[in-house]
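Okay, so here's the structure we're looking at.
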Amino acid sequence: FEYRAVAITRHGRTLVPKGDDRFEVDDMVYVISSKTGLKELYKYSGKKQFEVRNIMILGGSRIGWKTADSLGNQHYVKLIEIDRQKSYMLSNKLNNTLVINGDGTDLSLLRQEGLNKMDAFIAVTGNSETNILSCLLAKQMGVKRTIAEVENMDYIQLAENIGVNTIINKKLITASRIFRFTMSEEVSSIKCLTGTEAEVMEYVVKPDAPATEGTLAEIEFPKEAIIGGVIRGKNAFIARGDTQIKPYDRVIVFALPGVIHTIGKFFN
Numbered sequence: 592f593e594y595r596a597v598a599i600t601r602h603g604r605t606l607v608p609k610g611d612d613r614f615e616v617d618d619m620v621y622v623i624s625s626k627t628g629l630k631e632l633y634k635y636s637g638k639k640q641f642e643v644r645n646i647m648i649l650g651g652s653r654i655g656w657k658t659a660d661s662l663g664n665q666h667y668v669k670l671i672e673i674d675r676q677k678s679y680m681l682s683n684k685l686n687n688t689l690v691i692n693g694d695g696t697d698l699s700l701l702r703q704e705g706l707n708k709m710d711a712f713i714a715v716t717g718n719s720e721t722n723i724l725s726c727l728l729a730k731q732m733g734v735k736r737t738i739a740e741v742e743n744m745d746y747i748q749l750a751e752n753i754g755v756n757t758i759i760n761k762k763l764i765t766a767s768r769i770f771r772f773t774m775s776e777e778v779s780s781i782k783c784l785t786g787t788e789a790e791v792m793e794y795v796v797k798p799d800a801p802a803t804e805g806t807l808a809e810i811e812f813p814k815e816a817i818i819g820g821v822i823r824g825k826n827a828f829i830a831r832g833d834t835q836i837k838p839y840d841r842v843i844v845f846a847l848p849g850v851i852h853t854i855g856k857f858f859n
């Protein structure tokens, strides 16, 4: 397989799956996949792959502005901002985005601007409640992909339960960056996996590191962690039990909090 399950959220608990684990109804499954494995992954998960072309962004915050600026060259982007002065400023800065001055919580406005024809909806108003509710509305109108900025930590689980596809939380992003610098091992990158207790880490393997001394099945890696993928030069592949780690490989690790500080020794 060109994909691998790396974490399961079940009844509020996060599990690192092993070969004998079974999926259950209402599990939230996190999967790492190569590009070639996506088609088969969609097939087995019962989901359909689709191309995102039309995007609506609610909120002209810094996140909204930067997102529109990044996506505008390759997608059709509409941005709705309630503040008139900010709308004018954004329209001058965003050459490839249609900026609309209006209340994004106004259902008639969203319908008028074709929310039901959008492939993705991104709510970044700075108000968690507004973002969650607008994403719920977008889902009801047939938008396939919704993204919400949720800064109230108590609302993250709620947002996921009602079907918001992706959560942005600046506190978790900042915490990930700070956490990286508190670790003694040389971690290239670390991120909190929103909605779980797991962390995603990237290590560059040093010469003579313990991870290079055998296959993944032989190195006695902690049970509460899993090596999901390996990047070797320009090639990326899914890690398996018979995978042999080599010096200077970049490895992607998913781990629960209890074992995070024991993982670095395998790669350094």
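Under the numbering used here, the residues of the sequence shown are numbered 592 to 859, in order.
Think of the CB as a built atom: it goes at the ideal place given N, C-alpha and C, for glycine as much as any other residue.
For clarity, every value in this text was computed on a predicted model and none was experimentally measured.
I think residue i touches residue j, with their Cβ atoms under 8 Å apart; what is that distance to the nearest whole Å?
i           : j           : result
residue 723 : residue 734 : About 14 Å; that fails the 8 Å criterion.
residue 815 : residue 846 : 7 Å
residue 707 : residue 732 : 4 Å
residue 836 : residue 820 : So it is not a contact: roughly 12 Å between Cβ atoms.
residue 645 : residue 667 : 5 Å
Between which residues of its own chain and residue i is the CB-CB distance below 6 Å, once the five residues before and five after are set aside?
i           : result
residue 693 : 671 and 700
residue 747 : 741 and 758
residue 850 : 813, 815 and 816
residue 532 : Since the first residue shown for the chain is 592 and the last is 859, residue 532 is missing from the structure and cannot be characterised.
residue 773 : Its pLDDT being 47, under 50, residue 773 is placed unreliably in this model, and the value from its coordinates should be taken loosely. Excluding residues within five positions, none has a Cβ falling inside 6 Å.
residue 601 : 618
residue 596 : 608, 620 and 622
residue 689 : 669
residue 754 : 730
For the alpha helix (DSSP H) containing residue i, list its first residue and its last residue.
i           : result
residue 866 : For the chain, the structure presents residues 592 to 859; residue 866 sits outside this window and is missing.
residue 677 : 675 to 684
residue 721 : 719 to 731
residue 701 : 698 to 703
residue 635 : 629 to 636
So, at 8 Å on beta carbons, what are the nonlocal neighbours of residue i in its own chain, with the 5 sequence-adjacent residues on each side left out?
i           : result
residue 677 : 651
Which two residues bound the contiguous beta strand (DSSP E) that contains residue i?
i           : result
residue 692 : 688 to 692
residue 594 : 594 to 601
With distance defined between alpha-carbon atoms, name the residue in the options nearest to residue i.
i           : options               : result
residue 756 : 646, 713, 796 and 790 : 713
residue 686 : 833, 662, 825 and 622 : 662
residue 832 : 673, 621, 818 and 711 : 818
residue 648 : 744, 715, 629 and 624 : 715
residue 796 : 806, 841, 808 and 824 : 841
residue 719 : 750, 737, 709 and 702 : 750
Report the partner residues of residue i according to the DSSP bridge assignment.
i           : result
residue 826 : 823
residue 845 : 791 and 817
residue 714 : 649 and 739
residue 619 : 600
residue 672 : 692
residue 759 : 740
residue 835 : 806
Which same chain residues end up closer than 7 Å to residue i when comparing Cβ atoms and leaving out the 5 residues on each side of it in sequence?
i           : result
residue 627 : 593
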